[in-house]
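K.L.:
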Amino acid sequence: MVFEYTLGVVIPVPQPHRETLRAWREEYGGEATAPIAPHITLVSGSYLNSWEKAAAQVRRVAAAVQPFGIELGAAQTFRPASDVVFLPLDTGADECWALHRALLGDALRHESAFAYHPHLTIAQNVPAEQLDAAQAALAGTRLSFTADRIQLFDTRGGEWNFSEDIELGS
Numbered sequence: 002m003v004f005e006y007t008l009g010v011v012i013p014v015p016q017p018h019r020e021t022l023r024a025w026r027e028e029y030g031g032e033a034t035a036p037i038a039p040h041i042t043l044v045s046g047s048y049l050n051s052w053e054k055a056a057a058q059v060r061r062v063a064a065a066v067q068p069f070g071i072e073l074g075a076a077q078t079f080r081p082a083s084d085v086v087f088l089p090l091d092t093g094a095d096e097c098w099a100l101h102r103a104l105l106g107d108a109l110r111h112e113s114a115f116a117y118h119p120h121l122t123i124a125q126n127v128p129a130e131q132l133d134a135a136q137a138a139l140a141g142t143r144l145s146f147t148a149d150r151i152q153l154f155d156t157r158g159g160e161w162n163f164s165e166d167i168e169l170g171s
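Sequential numbering from 2 applies to the sequence shown in this note's numbering.
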């Protein structure tokens, strides 16, 4: 088996929440978060041999899933295991888990040092004071939206690149 490239499958956050979350990520997570649009990761890992086979698997799974609601809740942290502040999914986590499991298969792998946990990262790998500030400032957060699409990213060019926007249920 040959792992040549990495892929990412994410749920993008729609407007108007995308800009709000982008501002929070930039304020608390620093400049490193600026080029990365707010999202909920479903799979981040390698694919075997064929990009087309992996992309086809993502399309098949997306076609079988209907849009669903997501509600992001009050900021939490993975500390001390990982220096991350995130917004949990108070609604929609079960659907994300189901998508995650369905996406994994003969063409896709999920590679992470941590078990899959649907969330939206606000800050990571920044000083503890920034993590504390993010968690305190976003303690009352409640944002809701409909997940009606997933996006596919790849590293075929050496960096993360947007590849495809795929509507759920189509």
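From the three backbone atoms N, C-alpha and C, an ideal C-beta is built for every residue, glycine too.
Which parts of the segment 38-105 are runs of the alpha helix (DSSP H), unbroken and 4 residues or longer, counting only runs that do not cross its ends?
P.N.:
52-64, 94-104
K.L.:
Opposite Pro13 in the DSSP bridges: which residues?
P.N.:
His40
K.L.:
If you scan the segment 137-165 from start to end, which runs of the beta strand (DSSP E) of 3 or more residues do you find wholly inside it?
P.N.:
144-148, 150-155
K.L.:
Rounded to whole angstroms, what is the Cα-Cα separation between Glu27 and Thr42?
P.N.:
18 Å
K.L.:
Can you say whether Phe87 is buried or exposed, counting buried as having 16 or more other CB atoms within 10 angstroms of its CB?
P.N.:
buried
K.L.:
Exposed or buried, what is Gly170 when buried is set at 16 or more other beta-carbons lying within 10 Å of its beta-carbon?
P.N.:
exposed
K.L.:
Roughly how many angstroms lie between the CA atoms of Ile136 and Val62, to the nearest whole one?
P.N.:
One point to set straight first is that residue 136 is Gln, not Ile, in the sequence displayed. The straight-line gap from Cα to Cα measures roughly 34 Å.
K.L.:
In terms of residue numbering, what span does the beta strand (DSSP E) encompassing His120 cover?
P.N.:
120-125
K.L.:
Which first and last residues belong to the alpha helix (DSSP H) in which Ala182 is found?
P.N.:
Within the shown structure, residues of the chain are numbered from 2 to 171, placing residue 182 beyond reach of any answer.
K.L.:
Should Val66 and Leu109 be called a contact, given that it needs their Cβ atoms to be closer than 7 Å?
P.N.:
no
K.L.:
Using a threshold of 7 Å, state whether the C-beta atoms of Asp149 and Pro68 are closer than that.
P.N.:
When the beta-carbon positions are compared, Asp149 and Pro68 come within less than 7 Å of each other.
K.L.:
Nearest-angstrom Cα distance between His40 and Pro81?
P.N.:
Their backbone Cα atoms lie some 23 Å apart in a straight line.
K.L.:
Spatial neighbours of Asp155 within its chain, please: CB distance less than 8 Å, with the 5 preceding and 5 following residues excluded, ordered by chain position.
P.N.:
Tyr6, Thr7, Leu8, Gly9, Trp52, Trp161, Asn162, Ser164
K.L.:
Which of the three DSSP states is assigned to Leu169 in this structure?
P.N.:
coil
K.L.:
Tell me the rounded alpha-carbon separation between Gly174 and Ala129.
P.N.:
The requested residue 174 does not occur in the structure, where the chain is confined to residues 2 to 171.
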